[in-house]
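In my numbering, the protein residues as written are 1 to 221.
We put the CB at the ideal spot given by N, CA and C, even for glycine.
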C-alpha cells in the first residue's frame with residue numbers, strides 16, 4: 001500500500017523518532033553497575049536481544065535471573081531503585097538526542113492522517129520529553145508507552161478509534177514488527193539508528209520494507 005492509503009501512522013520512539021538506542025543501552029549498564037561488569041554485560045545482552053520490551057520487564061528479568069548470581073548485601077537494589085537510576089540517566093540525554101529529520105514537513109504534508117507513538121519507553125517520560133521538545137502536537141492519536149506492552153496499547157487504541165485501520169507502524173525491532181502483525185497493521189522497518197543486529201536477514205525473510213529514515217516516506221505522499 002501507498003502512504004496515501006493509510007488512515008493512521010504509528011511510530012516507535014527509540015531509534016525511529018529519537019536517536020536514543022545507545023542512550024538506553026548505556027543507562028541499563030549504569031543502573032546495574034554496582035553488581036559488577038559481568039552482570040552489567042548480561043543485562044545489556046538481554047536488552048539488545050529484546051528490543052522494544054519495556055524497562056520494567058528487563059529489570060524484572062535482571063533481578064530474578066541475573067542478579068542472584070552476583071548477589072551480595074552491599075549492592076542489592078530494588079526494582080524501583082533500578083528504575084529511578086535508569087530514568088535519571090536517560091532523561092537529560094533524551095532531551096538532547098538527535099531528532100528524526102523533517103517531522104514537521106511530513107506532518108504538514110499529511111494533515112488528514114492520525115499519528116501515534118507506541119513505544120516500550122515509559123509513557124509519562126515520553127510525554128514529558130515530547131512536550132519539552134515541542135513535538136507532542138504532531139501525535140494527535142496519542143503518545144503511549146510502558147508499563148503496558150505494545151500489543152496491549154495497539155489493541156486498545158484501535159478499539160478506541162485513536163488508531164484507524166488501515167494503519168502503518170514504523171519501527172526498528174523484531175517486537176515492533178510482531179506487534180504490528182498481531183494487530184493488523186502494515187510495517188516498515190526504519191534502519192538508520194536500529195540496534196537490531198541481523199535486521200537485513202529478518203526483513204528479507206519476512207518481506208518487510210526497509211527505509212533508512214522516517215522522512216523517506218515523503219516520496220509516497
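Proximal residues to residue i (C-beta, below 6 Å), its chain only, five neighbours per side dropped
| i | result |
| --- | --- |
| residue 42 | 66 |
| residue 216 | none |
| residue 30 | 89 |
| residue 206 | none |
| residue 45 | none |
| residue 98 | 19 |
| residue 236 | Any property of residue 236 remains undetermined from this structure, which presents the chain solely from 1 to 221. |
| residue 136 | 130 |
| residue 124 | none |
Reference residue i; option with closest CA among the options
| i | options | result |
| --- | --- | --- |
| residue 22 | 37, 144, 89 and 77 | 89 |
| residue 101 | 167, 19, 188 and 185 | 19 |
| residue 126 | 114, 113 and 146 | 146 |
| residue 148 | 173, 201 and 121 | 121 |
| residue 190 | 205, 153 and 174 | 174 |
| residue 103 | 80, 134, 154 and 180 | 134 |
| residue 87 | 32, 187 and 172 | 32 |
| residue 169 | 119, 27, 56 and 68 | 119 |
| residue 83 | 171, 187, 27 and 35 | 27 |
| residue 218 | 37, 109 and 124 | 109 |
| residue 153 | 136, 179 and 172 | 179 |
| residue 171 | 36, 161 and 188 | 188 |
Bridge partners - residue i, DSSP secondary structure assignment
| i | result |
| --- | --- |
| residue 170 | 11 and 188 |
| residue 211 | 190 |
| residue 144 | 118 |
| residue 18 | 14 and 99 |
Beta-carbon spacing of residue i, residue j below 8 Å
| i | j | result |
| --- | --- | --- |
| residue 177 | residue 208 | yes |
| residue 183 | residue 151 | yes |
| residue 157 | residue 3 | no |
| residue 39 | residue 70 | yes |
| residue 210 | residue 203 | yes |
| residue 25 | residue 47 | yes |
| residue 53 | residue 185 | no |
Cβ-based neighbour list, residue i, same chain, cut-off 7 Å, excluding 5 preceding and 5 following
| i | result |
| --- | --- |
| residue 8 | 113, 114, 116, 141, 163, 164 and 167 |
| residue 155 | 183 |
| residue 212 | 191 and 192 |
Nonlocal neighbours in the same chain, by C-beta distance under 8 Å from residue i, ignoring five residues either side
| i | result |
| --- | --- |
| residue 107 | 115 and 138 |
| residue 76 | 67 |
| residue 79 | 56, 59, 60 and 63 |
| residue 6 | 113, 166, 167, 168 and 186 |
Residue i Cβ short of 7 Å to the ligand GTP heavy atom set
| i | result |
| --- | --- |
| residue 79 | The ligand GTP is not part of the structure shown, which contains no ligands of any sort. |
Residue i at chain B interface by Cβ criterion, 8 Å
| i | result |
| --- | --- |
| residue 84 | The displayed structure is made up of one protein chain only, and chain B is not part of it. |
*Should the region 194-205 be regarded as contacting the region 8-26, the criterion being three or more beta carbon pairs within less than 8 Å?*
Between the region 194-205 and the region 8-26, the count of Cβ pairs shorter than 8 Å is three or higher; the stretches touch.
*Three-pair Cβ contact test at 8 Å for the region 82-96 versus the region 129-140*: yes
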